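A.B. asks: Would you mind keeping the following structure in view while I ask a few things?
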Amino acid sequence: MKFSVLKLDVGKKEVEFQEFEKEDVYGIIDYGIHVHNELKTYEIDPYDPRNIVIMGRGPFAGSALPGSHRLMFFFRSPLYGTLFPSAMGGAAYQFQYVGVDFVEIHGKADKPVVIILKNDGENLSVDFYEMDLEKVMEIWKDYKGEEGVYALTQYLLDNFAEQFKGMEFRIAVVGPAALNSNYGAIFSQALRNGKRMVGSEDWAARGGSGSVLLRAHNVVAIIFGGKKRKREFPKEDIGNFKNAKSIVEGVHKKPYNEVITNATVKYRFNPKLNTGGTFGGNYPAEGDLVPILNWQMPYIPKEDRIKIHELIMKHYWEPFNEEAIKPKNWTMCGEPCPVVCKKHRKGHHVEYEPYEANGPLSGSIALHASDISVHAVDAMGFDAIEFGGTAAWVLELVYRGLLKPEEVGISAKPEFTKDALIQNPIETSELNAKLVAELAHAVAFAKTEIAKIIGLGKRKASAILDEKFKDRLNYGESFKDYAVFTPLGEDGEINPTMYWAIGNYIPLPIQGRYWTFYEFGVFLEPEELASKIISSALGEFWYDNIGWCRFHRRWLKPVLKALFMEAYGVNVDMEEHAKKQLRRLIDYARKAGYTPVFWDSMRVIDLVAAGSKEFGNEKWAEKFEKDKIGTAREYLKKVLDAYSQMLGVDWSI
């Protein structure tokens, strides 16, 4: 297929436009794998300016189908160590009017730079607006009463909106987390009539996309857009709703509205539960398996977990329904979409994972308390999942006396026990949420030596803390033993998604997103788990590759092959191509030195071992009872051996 590429060297301020055509490149991930291999970025440090960031739209952006406008970012992760995709919902709706498919960011600017991409309908212009770091820091700390990514977005809106008058545009920015941590994100908020749309916030967060953008390239923001115009598809015009609708109905043999509605009920509104969105749907479903108190579920009796879940439903879930669902505070990510999955209340966009990671996982089960922590984490520009996992780890360490509050930059010792949550849910939540917010500021602005170390990530930080505070540890103990992360190579790590799911802890070429089997409450035989991981990854590869919202996956998956054929006249072997690209991702990871390793955190081993019993696999539970470490090694090895055999690769320990 053919794609248009804009190459920007922000150091030399050079712009080059190219047409790119290759038979087996169908989307952003395909292109990214190709380019990163050509540049041999596996040989360099992730913060080397040669670690290009690719941002782009998928081949169906501009279609009339909902979900087709995710803006994808692709880069080598400073956290996980290998190639990584990160998705920003809806932003390709505005990016499509720039008039190119992909933008490559090369080089490193001398000063923090804002890239401005504007197409007036006839010409595409590229400008580089430089700022002093001191000025950026000043804005991050306070601009019109806001801070971090919100402040920088508003500053750029105030200063550049006039240039985009009469055009669709969007602003993507990084926060101070990108400067001082390996898990800084890229933030963007949809705009309407020159103002930020409440509840429409979205992030390309996982893997440290913002950290690479700032520290490898010195880019603090990208403003992009242009005059509306129609995308030309080579064959069938799927920008025409009637044509697009007929393709969907032709595959599903049902009316279009019924197909979309039934497949996305969880994200819009589920009448069976009288709630909607990921936040509304997940808490009732997970029950006492909800991650709490830094993943301490294996050590908390089931009856106490049930009590805590009941309190979560009362103080977390019910207020959400009252304040977001009942008044129908629902909006979109920035593209026209009937699912209106974005739920918001009191000015806060509420989704499950950020509110879970910086809420129950971090010791807060009161929604209004977690508003404080989540907003601070978001404002600082962190990947909220990664930071929440880190904050939960730090709070437990401080509670246990392995770190001191003043060392990490917080004002008090947390209340981090099941009893505190059960007996004083509101007060405990308010204290812990306040401390998470303080920690977010401390790490983002590197306020203390230890806060700066924490910015490296749990696994990397533990190696330093083990040496620095070895007198605080018991014999054979490590700071890592309290941390939950999926390891890769010597120092690669990523926080799992917020489910007690065995597939979340398996070292894979892409982890921390949904390229795995993430169903909670299930303990499968190794071969079956490997098979389900591969099946999930093959689907998720395609949603990322074409920049399509995964909330639409249930109706999209059977339609995708037909879309390629009808819109482009291309016959794609969906499964075989995805497998081939998984093998390429594995090959890249191996070249970069990031291959599977055994779990080096006792907390993770305990989650897997306890999961075997909790989820009803008697055979493996018995084996874990006799030899926990040996059985963990056996189970992981069997999963990865089966995974390797099924894909025809070497991805074993």
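Mapping of the sequence shown onto this note's numbering: position 514 corresponds to residue 511, and the numbering continues sequentially without gaps.
No residue lacks a Cβ here, since even glycine has one placed at the ideal position from N, Cα and C.
Source: prediction; values computed, not measured.
Which first and last residues belong to the alpha helix (DSSP H) in which residue 151 is found?
C.D. replies: Here the alpha helix (DSSP H) through residue 151 covers 145 to 157.
A.B. asks: Quick one: is residue 380 buried, meaning 16 or more other Cβ sit within 10 Å of its Cβ, or exposed?
C.D. replies: Buried, because 16 or more other Cβ atoms sit within 10 Å of the Cβ of residue 380.
A.B. asks: With 16 as the cutoff for other CB atoms within 10 Å, does residue 422 come out buried or exposed?
C.D. replies: When all chains shown are included, residue 422 counts as buried.
A.B. asks: In the DSSP output, what is residue 692 paired with across the bridge?
C.D. replies: This structure cannot speak to residue 692, because the chain is shown only from -2 to 650.
A.B. asks: Give the secondary structure of residue 218 by DSSP, where H, G and I count as helix, E and B as strand, and everything else as coil.
C.D. replies: Residue 218 falls in the strand class under three-state DSSP.
A.B. asks: Note down the Cα distance separating residue 99 from residue 70, rounded to an integer number of angstroms.
C.D. replies: So the alpha carbons of these two residues sit roughly 10 Å apart.
A.B. asks: From the DSSP output, which residues share a beta bridge with residue 12?
C.D. replies: DSSP lists 5 as partners of residue 12.
A.B. asks: To which residues of the same chain is residue 653 closer than 8 Å at the C-beta, ignoring the five residues directly before and after it?
C.D. replies: Look at the range of the chain in this structure, -2 to 650, and you will see that residue 653 is not part of it.
A.B. asks: Can you look up residue 615 in the DSSP assignment and give me helix, strand or coil?
C.D. replies: Looking at residue 615 - three-state DSSP - the assignment turns out to be helix.
A.B. asks: Should residue 247 go down as buried or exposed, given a rule of 16 or more other Cβ atoms within 10 Å for buried?
C.D. replies: Its Cβ having fewer than 16 others within 10 Å, residue 247 is exposed.
A.B. asks: Where do the ends of the alpha helix (DSSP H) carrying residue 639 lie?
C.D. replies: Taken as a continuous stretch (DSSP letters only), the alpha helix (DSSP H) holding residue 639 covers 625 to 644.
A.B. asks: DSSP on residue 201, reduced to helix/strand/coil?
C.D. replies: In this structure, residue 201 counts as strand in the three-state DSSP scheme.
A.B. asks: So what does DSSP say about residue 124, is it helix, strand or coil?
C.D. replies: DSSP places residue 124 in strand when its eight states are reduced to three.
A.B. asks: Report yes or no: do the stretch 46 to 55 and the stretch 541 to 551 share at least 3 C-beta pairs separated by less than 8 Å?
C.D. replies: Touching, yes, given that three or more Cβ pairs across the two stretches are closer than 8 Å.
A.B. asks: Compute the Euclidean distance between the alpha carbons of residue 365 and residue 168, then round it to the nearest angstrom.
C.D. replies: Cα to Cα, residue 365 sits roughly 29 Å from residue 168.
A.B. asks: Just confirm the distance between the C-beta atoms of residue 309 and residue 287, as a whole number of angstroms; I'd bet it's less than 8 Å.
C.D. replies: Contact holds; Cβ gap of about 6 Å.
A.B. asks: Residues in the same chain with beta-carbon distance under 6 Å from residue 350, minus the five sequence neighbours each way, listed in chain order, please.
C.D. replies: Only 382 and 495 meet the Cβ criterion.
A.B. asks: In terms of residue numbering, what span does the alpha helix (DSSP H) encompassing residue 34 cover?
C.D. replies: Looking at the DSSP string, the run of the alpha helix (DSSP H) that includes residue 34 is 25 to 35.
A.B. asks: What did DSSP end up calling residue 509 once you bin it into helix, strand or coil?
C.D. replies: If DSSP states are grouped into helix, strand and coil, residue 509 belongs with coil.
A.B. asks: Determine the closest residue to residue 118 out of 14, 111, 201 and 226, with distance taken between C-alpha atoms.
C.D. replies: Of the candidates 14, 111, 201 and 226, the one whose C-alpha sits nearest the C-alpha of residue 118 is 226.
A.B. asks: According to DSSP, is residue 188 helix, strand or coil?
C.D. replies: Three-state DSSP puts residue 188 in a strand.
A.B. asks: So does residue 22 have its beta carbon nearer than 7 Å to some heavy atom of the ligand PLP?
C.D. replies: Annotation note on the ligand PLP: not contained in the displayed structure, which lists no ligands.
A.B. asks: Hey, could you find the ends of the alpha helix (DSSP H) residue 489 is sitting in?
C.D. replies: Segment 489 to 491 is the beta strand (DSSP E) holding residue 489; no alpha helix (DSSP H) there.
A.B. asks: Taking all protein chains shown into account, decide if residue 134 is buried (16 or more other Cβ within 10 angstroms of its Cβ) or exposed.
C.D. replies: With fewer than 16 other Cβ atoms within 10 Å, it is exposed.
A.B. asks: Kindly indicate which three-state DSSP category residue 233 falls into: helix, strand or coil?
C.D. replies: DSSP places residue 233 in coil when its eight states are reduced to three.
A.B. asks: First and last residue of the alpha helix (DSSP H) that includes residue 100?
C.D. replies: Segment 99 to 103 is the beta strand (DSSP E) holding residue 100; no alpha helix (DSSP H) there.
A.B. asks: Give the straight-line distance between the Cα atoms of residue 570 and residue 535, rounded to the nearest whole angstrom.
C.D. replies: Going from the Cα of residue 570 to the Cα of residue 535 covers about 12 Å.
A.B. asks: On a Cα-Cα basis, can you pick out the residue from 222, 68, 14 and 492 that is closest to residue 115?
C.D. replies: Taking only the C-alpha atoms, the option nearest residue 115 is 222.
A.B. asks: In chain order, what are the residue ranges of uninterrupted alpha helix (DSSP H) at least 4 long that sit wholly in the stretch 573 to 615?
C.D. replies: The qualifying runs are 599 to 611.
A.B. asks: Using 8 Å as the cut-off, can you tell me whether the stretch 148 to 163 makes contact with the stretch 296 to 306, which would need three or more C-beta pairs spanning the two stretches below that distance?
C.D. replies: With a cut-off of 8 Å, the stretch 296 to 306 and the stretch 148 to 163 do not count as touching, because too few Cβ pairs lie within range.
A.B. asks: Go through its chain and collect everything with a Cβ distance to residue 546's Cβ below 7 Å, but skip five positions before and after it.
C.D. replies: Only 64, 67 and 86 meet the Cβ criterion.
A.B. asks: Alpha carbons only, please: which of 400, 414, 332 and 257 is nearest the one belonging to residue 469?
C.D. replies: Per the Cα distances, 400.
A.B. asks: Please list the terminal residues of the continuous beta strand (DSSP E) segment that includes residue 342.
C.D. replies: Looking at the DSSP string, the run of the beta strand (DSSP E) that includes residue 342 is 339 to 342.
A.B. asks: Which residue marks the beginning of the alpha helix (DSSP H) containing residue 263, and which one marks its end?
C.D. replies: Its alpha helix (DSSP H) spans residues 262 to 265.
A.B. asks: In the structure shown, what three-state DSSP assignment does residue 484 receive?
C.D. replies: Strand.
A.B. asks: Would you identify the three-state DSSP class for residue 280, choosing helix, strand or coil?
C.D. replies: Here residue 280 sits in helix by DSSP.
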